[in-house]
Amino acid sequence: MVAATSVFAVMDALVKALMADYPVVEVLFFRAAFAFLPLAPLLWAAGRTALVTARPWAHVVRSSIGIAAITAFFLAFGALPLAQVTAIAFAAPLLMTALSVPVLGEVVEPKRWAAVILGFAGILLITRATPPAAGLGLTAALAGTLLYAVVMVLIRQMSTTERPVTIVAWFTIACTVGSGLALPWHWVTPTLQDGMLLASVGVLGGLGQILITQALRLAPVSTVAPFDYLHMVYAVAFGWLFWGEVPDPRMLAGAGLIVACGLYVLHREARKPSA
């Protein structure tokens, strides 16, 4: 999981750098198309059954919302400090907890609701640390987080009948085709160096998915998931090193609150089966 977190952190930094010169549609296309390179062995091993599904419309909905979520995050990376977007994104598990009640019919006890509310207070702290000029970037980050939480709930629901490789395959295909259709109107010819960086975004994205899958095979979610919060350390380090971004104290306080609440919810989730 440490490797997966490292890979995604590097990918986010590359996206931020590339968004300064390339349209989001182009970055999204490379993210999806080149993800097939590391994913190819998994898809090959699964064979034709990788695309067999009993719920095609569920994949359409999941893929559409997933594409919107990634697009929003990419726009946010281009407008806000790396650590700020990462901190807001960490609120997704809290939103998942809230959404699991109406969508999945789950019961959330008062202590987890309290953690969700405190996590939202952390988001408010981060928004207060955002200058008015970055309002669109903040809106994109918040929208991306909400959409990502919806996607995670949908995947949880779909996992009762769909294999992970099928969900990943259909999303990657949909993202490649969808962004590819819009690409002719947004294409900016990259330099050789930028072309390699754009391709790297896709390779790293696909590799990260594989590493997370492998981590979850080797250890339970409650053991693996906390390591994802190392992403915040990378985001602060990369933001300072490459863009001179120094986190605002309110942003750090909000991030700390979100992380603490997320870990608490994760802890309570791990205890649910034995409760």
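Residue numbering for the sequence shown follows my numbering, starting at 330 and increasing by one per position. From the three backbone atoms N, C-alpha and C, an ideal C-beta is built for every residue, glycine too.
Worksheet entry | Selected residue, minimal CA-CA separation from L343, among Q522, A582, G585, Y593 | On the sequence shown, residue 343 is found 14 positions in, with the first residue counted as 1. Per the Cα distances, Q522.
Item to complete: Mind the definition here: the segment 419–437 touches the segment 355–364 only if three or more C-beta pairs lie below 8 angstroms; say whether that holds.
Response: No: fewer than three Cβ pairs fall under 8 angstroms.
Practice prompt. Might you give, ordered along the chain, the residues of its own chain that have their beta carbon closer than 7 angstroms to the beta carbon of V336, omitting 5 neighbours on each side?
Written response: In the sequence shown, the residue the question calls residue 336 occupies position 7. So the qualifying residues of the chain are L533, L536, G537, L540.
Worksheet item: Taking C-alpha atoms, which residue in V594, A332, F406 lies nearest to T468?
Response: If you number the sequence shown from 1, residue 468 lands on position 139. If we check each option's Cα against that of T468, F406 comes out closest.
Worksheet item: Looking at A416 and G583, is the spacing between their C-beta atoms short of 8 angstroms?
Response: The count along the sequence shown starts at 1 and reaches residue 583 at position 254. The count along the sequence shown starts at 1 and reaches residue 416 at position 87. A contact, by the Cβ cut-off of 8 angstroms.
Item to complete: My understanding is that A612 touches D341, with C-beta atoms under 8 angstroms, so please give their C-beta distance in whole angstroms.
Response: For the chain, the structure presents residues 330 to 604; residue 612 sits outside this window and is missing.
Discussion item. With distance defined between alpha-carbon atoms, name the residue in P431, L404, F500 nearest to A612.
Written reply: Outside the modelled stretch of the chain, which goes from 330 to 604, sits residue 612, for which no answer is possible.
Discussion item. My output table needs one value for E355: the three-state DSSP class, helix, strand or coil.
Written reply: For the purposes of this step, residue 355 is identified with residue 26 of the sequence shown, where counting begins at 1. DSSP places E355 in helix when its eight states are reduced to three.
Worksheet item: Which term fits V594, buried or exposed, when burial requires 16 or more other beta carbons within 10 angstroms of its beta carbon?
Response: In the sequence shown, counting from the first residue as 1, residue 594 sits at position 265. V594 comes out buried.
Fill in: Chain-order list of residues whose beta-carbon lies under 6 angstroms from that of A303 (same chain, five-residue window excluded)
With the chain running from 330 to 604 in the structure shown, residue 303 is simply not present.
Worksheet item: Taking just the CA atoms, how far does G585 sit from P439?
Response: Within the sequence shown, numbered from 1, the residue matching residue 439 stands at position 110. Within the sequence shown, numbered from 1, the residue matching residue 585 stands at position 256. The alpha-carbon atoms of P439 and G585 are separated by roughly 21 angstroms.
Discussion item. Is it buried or exposed, S488, if we count other Cβ atoms within 10 angstroms and call 16 or more buried?
Written reply: Reading the sequence shown from its first residue, position 159 is the one you call residue 488. That one is exposed.
Worksheet item: Under 8 angstroms, do F403 and L357 count as touching if we go by C-beta distance?
Response: Working through the sequence shown from its first residue, we reach residue 403 at position 74. Working through the sequence shown from its first residue, we reach residue 357 at position 28. A Cβ-Cβ contact shorter than 8 angstroms links F403 with L357.
Item to complete: List the whole-angstrom C-beta distance separating E355 from L512, where the pair is believed to meet the contact cut-off of C-beta under 8 angstroms.
Response: Taking the sequence shown and counting its residues from 1, the one referred to as residue 355 is at position 26. Taking the sequence shown and counting its residues from 1, the one referred to as residue 512 is at position 183. Indeed they touch by this definition, with Cβ atoms about 6 angstroms apart.
Discussion item. Less than 8 angstroms between C-beta atoms, sequence neighbours within five positions excluded: which residues of the same chain meet that for A604?
Written reply: Locating residue 604 in the sequence shown gives position 275, where the first residue counts as 1. For A604, the predicted structure reports a pLDDT of 43, less than 50, and the residue's modelled location is therefore unreliable. A value from the coordinates is still provided. Within the same chain, A604 has no close Cβ partners at all.
Worksheet item: Which full runs of the alpha helix (DSSP H) of 4+ residues lie inside the segment 431–480, going along the chain?
Response: List check, alpha helix (DSSP H) in window: 439–457.
Worksheet item: Cβ atoms of T495 and T382: under 8 angstroms apart, would you say?
Response: Counted from its first residue, the sequence shown places residue 382 at position 53. Counted from its first residue, the sequence shown places residue 495 at position 166. Yes, they are a contact pair.
Worksheet item: Between which two residues does the alpha helix (DSSP H) containing Y563 stretch?
Response: Locating residue 563 in the sequence shown gives position 234, counting from the first residue. It spans 559–572 - the alpha helix (DSSP H) in which Y563 sits, taken as one unbroken run.
Fill in: Secondary structure, beta strand (DSSP E): runs of 3+ residues fully inside the segment 358–426
Correct list: empty.
Worksheet item: Got a sec? Which residues, its chain only, sit under 6 angstroms from P352 by beta carbon, not counting five neighbours each side?
Response: As a first step, residue 352 must be located in the sequence shown, where it is residue number 23. Around P352: H515.
Worksheet item: From V430 to L592, what distance separates their C-alpha atoms?
Response: Indexing the sequence shown from 1 puts residue 430 at position 101. Indexing the sequence shown from 1 puts residue 592 at position 263. C-alpha separation (whole angstroms): 19 angstroms.
Discussion item. Cutting at 8 angstroms between CB atoms, please list the residues of its own chain near V480, excluding the five before and the five after it.
Written reply: In the sequence shown, counting from the first residue as 1, residue 480 sits at position 151. Within the same chain, V480 has close Cβ partners R391, I394, G395, A398.
Worksheet item: For T518, does the three-state DSSP call read helix, strand or coil?
Response: For this step, residue 518 is matched to residue 189 along the sequence shown. In the structure shown, T518 falls within a coil segment according to DSSP collapsed to helix, strand and coil.
Discussion item. I believe A444 touches C590 by the beta-carbon criterion, under 8 angstroms. Please report the beta-carbon distance rounded to the nearest angstrom.
Written reply: Taking the sequence shown and counting its residues from 1, one reaches residue 444 at position 115. Taking the sequence shown and counting its residues from 1, one reaches residue 590 at position 261. A444 to C590, Cβ: 4 angstroms. Contact.
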